[in-house]
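Let me begin by presenting the structure, written as structure tokens, before commenting on it.
Numbering (the working numbering), first residue to last: 6 to 427.
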């Protein structure tokens, strides 16, 4: 399972109780030569808050709850901690819970991960008869951590028929999956990215009365399915409580995402190829959109501003020239420089951008948590010792105004050279 040590619960309690007479003794034993992480008595990963984390710009030791500094040496992204999590393998599941994530930008979004957390809640409710979570993914993707999201089986359909906007072809694929494995539950995101439409089409085809706008699911022994769900109704003005049906379309934050285990994510295949159908819908491809209109949770390239930005007009101009979606730290939002929906972090929006550029952001722990799944982080800051510099894959030390101006100039030169070459 894992090589993490196990601690005595009594020792843990003493270490947390600063008034206990043995606090200093136990604290020294845990902090010197002892592991900073271990398995607790309940099977959860426990983190020693007194172990060395990282020192902030004011000389205050901070706990790295985001995991980005774990095992890091110098700058750059930290060593992945997935190997420390227990691997869960369900060879003969009693039933299946199927999830159809949106996969915005080719990766699992925060909404998708919440949905998978709900699927795990349904699958793991009975330890004696555990279910397996099956994810149905359409088209090419860039996701590499399906197992860490709680997926036991992965059905990846990448044929041209289901790529792009193809609700009819995707509906046919779901029908084939239903006939092949007959999942007990089907979960889809109730979102504008395709999950809401596909889920309603699927429910109509199966003759099921789906639950939409679901934001909470709880065990209920009196319900026919053993669960009841609470959903938003009447344009969000009231809650509707009903037994959980086979097909549910859930909202974001419907459950906690999986974070303490990793799963096998074994690949599945349909028993026969997808049938070729004459679709009544023609996908004409993607069109360019204004980056400022892209939601932070869906943005691939984010230019984020913090307290260190002084020339806001120059920042907005740089974001427009670079084609980046604008983000901000909580300080910049509280000061009125950016709108509240542009706030990045645990108290704002969790982002999954391919490139995240932090301009003048020191790196509070809430902000680091919100960007922990970004592929590449670039930090522009005057303080070489700030936490954002430690987190970044690439750090640029200097005045943000001058650096952004230089980036704009380089972009203009590159575009001129491209036009001349054409």
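Positions of the beta carbon are idealized from the N, C-alpha and C atoms, including for glycine.
- Query: What are the boundary residues of the alpha helix (DSSP H) that residue 348 is part of?
  - Reply: Taken as a continuous stretch (DSSP letters only), residue 348 belongs to no alpha helix (DSSP H), as it is neither H nor E.
- Message: Considering only their Cβ atoms, is the gap separating residue 368 from residue 337 smaller than 8 Å?
- Response: For residue 337 and residue 368, no; Cβs fall outside 8 Å.
- By how many angstroms is the C-alpha of residue 208 removed from the C-alpha of residue 162? 20 Å
- Task: Pull up the distance between the alpha-carbon of residue 275 and that of residue 229, whole angstroms please.
- Result: 31 Å
- Query: How about residue 273 and residue 159: do their beta carbons lie closer than 8 Å?
  - Reply: yes
- Item | Cα-Cα separation, residue 126 to residue 117 | 14 Å
- Task: Rounded to whole angstroms, what's the CA-CA distance from residue 238 to residue 399? Just pull it up for me.
- Result: 46 Å
- Using the beta-carbon count (16 or more within 10 Å), is residue 294 buried or exposed? exposed
- Residue range of the alpha helix (DSSP H) that includes residue 417: 405-426
- Task: Say yes only if the C-beta of residue 134 is nearer than 7 Å to one or more non-hydrogen atoms of the ligand GDP, and no if none qualify.
- Result: As for the ligand GDP, it is missing from this structure, which has no ligand bound.
- Task: Could you name the residues of the same chain whose beta carbon sits closer than 6 Å to that of residue 363, not counting the 5 residues immediately before and after it, in chain order?
- Result: These residues qualify, in order along the chain: 309, 384 and 393.
- Task: Inspect the CB distances between the segment 280-290 and the segment 214-229 and report whether three or more fall short of 8 Å.
- Result: Segment contact: the segment 280-290 against the segment 214-229, fewer than three CB-CB distances shorter than 8 Å; contact not assigned.
- Item | Any beta strand (DSSP E) of 3 or more consecutive residues that is wholly inside the segment 296-330 | 306-310
- Task: Count the CB pairs spanning the segment 199-207 and the segment 97-115 that are closer than 8 Å, and state whether there are at least three.
- Result: yes
- Item | Best match in 374, 120 and 377 for proximity to residue 259 [C-alpha to C-alpha] | 120
- Query: Can you round the beta-carbon distance between residue 307 and residue 332 to whole angstroms, since I take them to be within the 8 Å contact cut?
  - Reply: 5 Å
- Task: Measure the alpha-carbon distance for residue 407 versus residue 291 and round it to whole angstroms.
- Result: Approximately 35 Å between the Cα atoms of the pair.
- Item | Entirely enclosed alpha helix (DSSP H) segments - the segment 82-163, minimum 4 residues | 115-128
- State the DSSP-derived secondary structure class of residue 167, mapped to helix, strand or coil. helix
- Query: The alpha helix (DSSP H) with residue 359 in it runs from where to where?
  - Reply: No alpha helix (DSSP H) holds residue 359; DSSP gives it neither H nor E.
- Query: Quick one: what does DSSP say residue 355 is sitting in, helix, strand or coil?
  - Reply: coil
- Contact belief for residue 195 with residue 256 at Cβ below 8 Å, rounded distance in angstroms: 5 Å
- Message: What does the alpha-carbon distance come out to for the pair residue 426 and residue 123?
- Response: 53 Å
- Item | Residue burial classification, residue 253 (beta-carbon count within 10 angstroms, cutoff 16) | buried
- Task: Report, in whole angstroms, the separation of the C-beta atoms of residue 111 and residue 148, which I expect to be a contact under 8 Å.
- Result: Rounded, the Cβ-Cβ distance is 7 Å, consistent with contact.
- Message: By the three-class DSSP mapping on this structure, what secondary structure does residue 179 have?
- Response: helix
- Item | Opposing strand residues paired with residue 394 [DSSP bridges] | Within the DSSP secondary-structure output, residue 394 pairs in no beta bridge.
- Message: Out of 164, 135 and 167, which one is the CA nearest neighbour of residue 157?
- Response: Taking each of 164, 135 and 167 in turn and checking the Cα distance to residue 157, the smallest one comes out for 135.
- Determine the closest residue to residue 172 out of 236, 267, 210 and 269, with distance taken between C-alpha atoms. 210
- Item | Beta-carbon contacts of residue 416 that lie in its chain and below 7 Å, excluding the five residues immediately before and after | 326 and 327
- Message: One question on the structure: do residue 302 and residue 356 come within less than 8 Å of each other, judged by their Cβ atoms?
- Response: yes
- Taking the CB atoms as reference points, tell me whether residue 217 and residue 236 lie closer together than 8 Å. yes
- Query: Which residues in the same chain have their Cβ closer than 6 Å to the Cβ of residue 351, if we skip the five residues on either side of it in sequence?
  - Reply: 371, 374 and 375
- Pair within 8 Å by beta-carbon distance, residue 246 and residue 233: It is a contact, given that the beta carbons lie within the stated cut-off.
- Query: When the Cα atoms are used, what is the spatial distance from residue 240 to residue 346?
  - Reply: 21 Å
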